[in-house]
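Colleague: In the UniProt record's numbering, the protein residues as written are 1 to 150. Beta carbons are placed, not taken as given, at the ideal position from N, Cα and C, and that holds for glycine. A quick note: this is a predicted structure, and the numbers were derived from the prediction, not measured.
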């Protein structure tokens with residue numbers, strides 16, 4: 001996404017995600033400012049976090065994150081059924097700035113993600129592909145919309 005990103009993280013130590021996000025934000029801002037010869041803050045406000053403590057939230061969240069780039073293709077995908085799910089699938093399979101490609105078996109940023117846990121839950125790459133297509137055909141994000149920051 002051009003103006004934000006979503007991460008699904010598992011905290012391993014108290015305050016670990018906060019520390020990681022601070023380092024990520026500062027590191028990227030320093031890189032960006034140096035590259036584009038600018039100064040000052042890069043991000044608007046602090047990062048936002050939602051504790052995922054319900055299974056229903058956890059199960060839906062990876063799909064929500066992976067479908068987020070559809071904002072670039074069809075702005076109303078969250079509120080209406082996707083009319084052309086094949087177009088949506090093709091777009092998601094070509095959008096480089098998402099871990100979705102890694103989850104469907106196309107190496108994109110494999111060293112950045114740890115897919116084994118989620119792929120085990122979703123029944124492997126092929127089953128994940130099938131479920132993605134079914135979700136795009138039958139998309140209903142009422143539950144997730146209620147649980148996200150957007």
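Could you give the distance in angstroms between the alpha-carbon of residue 34 and the alpha-carbon of residue 28?
Modeller: Taking the straight line joining both Cα atoms gives about 10 Å.
Colleague: Taking only the alpha-carbon atoms, compute the straight-line gap between residue 132 and residue 93 and give it to the nearest angstrom.
Modeller: 11 Å
Colleague: Please identify the residue among 47, 3, 56 and 69 whose C-alpha is closest to the C-alpha of residue 121.
Modeller: 56
Colleague: Residue 14 to residue 135, Cα distance in whole Å?
Modeller: 35 Å
Colleague: Thinking C-alpha only, which one of 60, 32 and 138 is nearest residue 42?
Modeller: 32
Colleague: For residue 47, which residues from the same chain have a beta carbon less than 8 Å from its beta carbon, with the 5 sequence-adjacent residues on both sides left out?
Modeller: Excluding residues within five positions, the ones whose Cβ falls inside 8 Å are 21 and 25.
Colleague: Mind the definition here: the segment 64-75 touches the segment 90-107 only if three or more C-beta pairs lie below 8 Å; say whether that holds.
Modeller: Contact between the segment 64-75 and the segment 90-107 is present, with at least three C-beta pairs closer than 8 Å.
Colleague: Measure the C-alpha to C-alpha separation of residue 18 and residue 119 and round it to an integer number of angstroms.
Modeller: 26 Å
Colleague: Under 9 Å between the Cβ atoms of residue 138 and residue 83?
Modeller: no
Colleague: Using 10 angstroms around the beta-carbon of residue 36, count the other beta-carbons present and answer buried if the total reaches 16, otherwise exposed.
Modeller: exposed
Colleague: Hey, quick one: how far does the alpha helix (DSSP H) through residue 135 stretch, first residue to last?
Modeller: 124-137
Colleague: Going by beta carbon distance, what residues of the same chain come within less than 6 Å of residue 4, once the five residues before and after it are set aside?
Modeller: none
Colleague: What residue from 78, 7 and 70 has the CA that sits closest to residue 58's CA?
Modeller: 7
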